[in-house]
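J.: The following block contains the structure, expressed as structure tokens.
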Amino acid sequence: MLSKLTGFWSTDMAIDLGTANTLVYVKNEGIVLNEPSVVAITNEGGRNKVLTVGSEAKEMLGRSPGNIEVIKPLKDGVIADFEIAEEMLKYFIRKVHNRKTFTSPVVIVCVPSGSTSVERRAIQESTERAGARSAFLIEEPMAAAIGAGLPVTEPSGSMVVDIGGGTTEVGILSLGGIVYASSVRVGGDKMDEAIIAYLRRNHNLLIGSQSAERLKKQIGTAYPPEDGDGEKVEVKGRDLVNGIPKELLLTQRDLSEALSEPVGTIVEAVKRALENTAPELAADIVDRGIILTGGGSLLDGIDKVLRKATGLPVTIAEDALLSVVLGTGKVLDEMKKLEKVLRTAY
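So this is what it looks like as structure tokens:
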């Protein structure tokens, strides 16, 4: 594999191609880009033209006129729209280098452990068409564990739970390999959808995905308040009965009820992983505990819920939001040492 990688250039990069955000790590520079995985396009003369990508495009979600379409090209951690995903990758690669011509980089991209061979091939081919000299894949549990500082190359068990925008990855790792991995298509986006469904079902109120995300970040909790209803916040939306805008006061208890289903799915995935763990590795996990990474790990009380369900120590990684891209970047920086964690779709 390394024969392809001779002649490193500063353009070599690691990409966490996430459902919610795309992060780019450049060799010897660190993280240089963190943008929403959103593309705004317009149709001119029967051809799609990219208007903007990232933060500006996300601002248009739910607010764009009929001639502008705002697309999230990744769904549940994999590419749903290949053409738009390629355009997004091209945009980010060019933005990182800030010039029109550059040496084609070696690129490592994270993929969910549960992605199919077809999905992996699509991600690799899209990356190559976007300008990569060589494209390699790394499974998200491995990248997250490396980024969280776990000793994945040692003969001892480590357990990581990466709660991303589209998927939750549960991995048990030892000796530089993944002993057990499962990927459930539940993450931050499903949590937002659960909040929208709860408000529709219980209060006849319709809100958008951005409002749901704000609510989750403001007062969202996986663990119901022990006393009373907890913090309160006003939410605005459209009344489904009479069609006019209205305001509603929501509590943390409401949010914990709304989020109970996606949180329960994550808990079940973790318990299933522990049930499938060899006794020797299980003993290591009892000592070391479970490490949480990803944006979803920042949901208030998620560590407490998992601690109660498993009886194990649960710790949120220091750079939970960045663990995957930092781990992928470390593999890029130490390619010879960590070569065996890389994959290709061919």
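Residue numbers for the sequence shown follow this note's numbering, beginning at 1375 and rising by one. Every residue gets a Cβ at the ideal spot worked out from N, C-alpha and C, and that includes glycine.
1) Can you name the residues that DSSP bridges to Asn1578?
2) According to DSSP, is Thr1721 helix, strand or coil?
3) Please name the residue or residues paired with Thr1416 in a DSSP beta bridge.
4) For the beta strand (DSSP E) containing Val1558, list its first residue and its last residue.
5) Is it right to say Arg1494 is buried, meaning 16 or more other beta carbons lie within 10 angstroms of its own, or is it exposed?
6) Determine the closest residue to Leu1463 out of Gly1440, Glu1499 and Ser1438, with distance taken between C-alpha atoms.
7) Please classify Met1387 as buried or exposed, where buried requires at least 16 neighbouring CB atoms within 10 angstroms.
8) With distance defined between alpha-carbon atoms, name the residue in Ile1467, Val1452, Ala1571 and Ile1570 nearest to Gly1538.
9) With 16 other CB atoms within 10 Å as the buried threshold, where does Ser1491 fall?
10) With a threshold of 8 Å on Cβ separation, who are the neighbours of Val1406 within its own chain once the five nearest residues in sequence on each side are excluded?
11) In three-state terms, what does DSSP make of Val1615?
12) Is it buried or exposed, Gln1592, if we count other Cβ atoms within 10 angstroms and call 16 or more buried?
13) For Val1660, which option in Leu1686, Lys1423 and Leu1573 has the closest C-alpha, if you only look at C-alpha atoms?
14) Starting from Asp1601, trace the beta strand (DSSP E) both ways and give me its first and last residue.
15) For Phe1456, tell me which candidate among Arg1503, Pro1486 and Lys1423 has the shortest Cα-Cα distance.
16) For Lys1682, which residues of its own chain have a beta-carbon under 6 Å away from its beta-carbon, when the five flanking residues on both sides are left out?
17) Judging by CA-CA distance, which residue of Lys1714, Gly1663 and Asp1674 is the nearest neighbour of Leu1524?
18) So Ala1519 packs on Ser1532, CB below 8 Å; how close in whole Å?
19) One question on the structure: do Gly1521 and Thr1702 come within less than 9 Å of each other, judged by their Cβ atoms?
20) Per DSSP, what are the beta-bridge partners of Asp1674 in this structure?
21) For the beta strand (DSSP E) holding Val1641, just list the boundary residues, first then last.
22) So Pro1486 and Glu1543 are supposed to be a Cβ contact under 8 Å. How far apart are they, rounded?
23) Buried or exposed: which applies to Asp1601, given that a residue is buried once 16 or more other Cβ atoms fall within 10 Å of its Cβ?
24) Whole angstroms is fine: what's the gap from Ser1489's alpha carbon to Ile1546's?
25) Going by DSSP, which residues form a beta bridge with Gly1532?
26) Give me the Cα-Cα distance between Ile1432 and Glu1708, rounded to the nearest whole angstrom.
27) So is Arg1681 in contact with chain C if we call contact Cβ pairs under 9 Å?
28) To the nearest angstrom, report how far apart Leu1706 and Ser1530 are at their CA atoms.
29) How far does the beta strand (DSSP E) with Met1709 in it reach, from first residue to last?
30) Can you tell me which of the three DSSP states Glu1631 falls into?
31) Between which two residues does the beta strand (DSSP E) containing Gly1404 stretch?
T.: Let me spell this out:
1) Per DSSP, none; premise fails for Asn1578.
2) This structure leaves residue 1721 out entirely; the chain is present only between 1375 and 1720.
3) According to the DSSP secondary-structure assignment, Thr1416 is paired through a beta bridge with Lys1423 and Ile1442.
4) For Val1558, the uninterrupted beta strand (DSSP E) run begins and ends at Gly1551 to Val1558, by DSSP.
5) The C-beta of Arg1494 has 16 or more other C-beta atoms within 10 Å across all chains shown, which makes the residue buried.
6) That would be Glu1499, whose Cα lies nearest to the Cα of Leu1463.
7) Its Cβ being crowded by 16 or more others within 10 Å, Met1387 is buried.
8) Here the closest residue by C-alpha is Val1452.
9) Ser1491 should be labelled exposed.
10) Within the same chain, Val1406 has close Cβ partners Val1398, Tyr1399, Val1400 and Val1470.
11) DSSP places Val1615 in coil when its eight states are reduced to three.
12) It counts as exposed.
13) The shortest C-alpha separation from Val1660 is found at Leu1686.
14) Per DSSP, Asp1601 belongs to no beta strand (DSSP E) and is neither H nor E.
15) Here the closest residue by C-alpha is Arg1503.
16) Spatial neighbours of Lys1682 in its own chain (CB-CB distance under 6 Å, excluding positions within 5 residues in sequence) are not present.
17) Nearest C-alpha to Leu1524: Gly1663.
18) Rounded, the Cβ-Cβ distance is 6 Å, consistent with contact.
19) With respect to Thr1702, Gly1521 sits close: the two C-beta atoms are nearer than 9 Å.
20) The partner list for Asp1674 (beta bridge, DSSP) reads Thr1595.
21) Careful: Val1641 lies outside any beta strand (DSSP E), inside the alpha helix (DSSP H) at Ser1634 to Glu1649.
22) The Cβ separation is near 6 Å, so the contact holds.
23) Exposed.
24) Straight-line Cα distance between these residues: approximately 17 Å.
25) A quick correction: the sequence has Ser, not Gly, at residue 1532. DSSP lists Leu1547 as partners of Ser1532.
26) Note that residue 1432 is Lys in the sequence shown, not Ile. Near 34 Å, if we compare the C-alpha coordinates of Glu1708 and Lys1432.
27) Among the chains in the structure shown there is no chain C, since it carries only a single protein chain.
28) Rounded to the nearest whole angstrom, the CA to CA distance from Leu1706 to Ser1530 is 24 Å.
29) Run containing Met1709: none; DSSP gives neither H nor E here.
30) Glu1631 falls in the helix class under three-state DSSP.
31) Element bounds for Gly1404: Gly1404 to Pro1410.
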